[in-house]
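Trainee: First, the structure itself, so that you have it in front of you.
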Amino acid sequence: MRLSNSIDELQAVNNELEQFGESQDLAPDLMFNLNLVLEEVLTNIIFYGYDDSATHVIELNINLKSEIIEIEIIDDGKPFNPLERPDPNVNKSLDERQIGGLGIFLVKKIMDKAEYFRRENKNILILQKNINTKS
Amino acid sequence: MEIATNRSKDVLIVAVSGRLDTVTAPEFEKKILELVTPENLKIILNCADLSYISSSGLRVILMTLKKVKANNGKLVICGLQESIKEVFNICGFTSLLTISENCESALSSF
């Protein structure tokens, strides 16, 4: 599917994901995790990916092949590899804990494989999850 | 996302339901932080009807906990669904927060 860089698009993404989940008979906890992963990656792109205020297209593809869910997200924002972002220290005490930075960390923890490419002025993020292993 | 409050003696029970995501978290943040006052030192956040949370919602929970602690109060979270519990585990929230199975056990932890 193609969506624009607006937070309002998240609802449409959820609807698309619901349909995909129903057609592939995916378990509710997996659907929860996929919903979370898509929200984190897309909000990151929508909030921080662009230097202008123009409308941009984000391309999203979800496939299930040989029990592996593959999510591909392509945007034409500024070069940014979310996977290079340092992980938050989740063992710190409350006083030392920073408020943000959990989104991409969750994506990396939930998915089994994550790869980033920069190609033809586009950011390409490919995420995979084996649905036979427990999250 | 909806939020409802009631009281059991000196404990404020805040029930949050629906989805806590990028879209709804700002409203939740405003409402819950208003409820964290020096008068409300014992707070239960009942998540039994919370179906979804993303990092935006987790951020607000962390802010709420910090504000409660700054008042020397106590926050107990109860009723977490399995998927949300797993997210709490990944983010290390389980060791930061007091988590109870349900509202009754949360009440007895004060």
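Listed in order, the protein sequences are those of chains A and B. Just so you know, we're using this note's numbering here: the first sequence kicks off at 6 and counts up by one. Just so you know, we're using this note's numbering here: the second sequence kicks off at 8 and counts up by one. Glycine residues also receive a C-beta, built at the ideal position from the N, C-alpha and C atoms.
I'd like the span of the alpha helix (DSSP H) that includes N13/B, first residue to last.
Mentor: Where N13/B is concerned, there is no enclosing alpha helix (DSSP H), although the beta strand (DSSP E) it sits in stretches over 9-15.
Trainee: How many angstroms separate the CA atom of E111/B from the CA atom of E21/A?
Mentor: Looking at the two C-alpha atoms, the distance is approximately 38 Å.
Trainee: Please name the residue, chosen from I79/A, N126/A, K114/A, that lies closest to V62/A on a Cα-to-Cα basis.
Mentor: Closest by alpha carbon: I79/A.
Trainee: Could you check which residue in F117/B, S115/B, N53/B, K76/B has the C-alpha nearest to that of I91/B?
Mentor: Comparing Cα-Cα distances from I91/B to each of F117/B, S115/B, N53/B, K76/B, the minimum goes to N53/B.
Trainee: Does the Cβ of E23/A have 16 or more other Cβ atoms within 10 Å, making it buried, or fewer, making it exposed?
Mentor: By the neighbour-count rule (16 or more Cβ atoms within 10 Å), E23/A is not buried but exposed.
Trainee: Can you name the residues of chain A whose CB is closer than 7 Å to the CB of D56/B?
Mentor: In chain order: nothing, as chain A lies at least about 15 Å away.
Trainee: Taking 9 Å as the CB-CB limit, is L114/B close to chain A?
Mentor: No, L114/B does not count as interfacial toward chain A.
Trainee: Could you check what DSSP says for N126/A in three-state terms: helix, strand or coil?
Mentor: Here N126/A sits in coil by DSSP.
Trainee: Consult DSSP for K92/B and reduce its assignment to one of helix, strand or coil.
Mentor: In this structure, K92/B counts as helix in the three-state DSSP scheme.
Trainee: State yes or no: is the beta carbon of I104/A nearer than 9 Å to at least one beta carbon in chain B?
Mentor: So yes, I104/A belongs to the interface.
Trainee: Which residues does DSSP list as the beta-bridge partners of L8/A?
Mentor: In the DSSP output, where bridge partners are listed per residue, L8/A has I63/A.
Trainee: Three or more beta-carbon pairs under 8 Å between the region 125-139 of chain A and the region 24-41 of chain B, yes or no?
Mentor: Flag = no, the region 125-139 of chain A and the region 24-41 of chain B do not touch.
Trainee: By the criterion of Cβ-Cβ separation under 8 Å, what are the contact partners of L19/B in chain A?
Mentor: Those do not exist, as L19/B stays about 20 Å from chain A at its closest Cβ, beyond 8 Å.
Trainee: Does the region 30-50 of chain B come close enough to the region 59-79 of chain B that 3 or more CB-CB pairs lie under 8 Å?
Mentor: Taking 8 Å as the limit for Cβ pairs, the verdict is that the region 30-50 of chain B does touch the region 59-79 of chain B.
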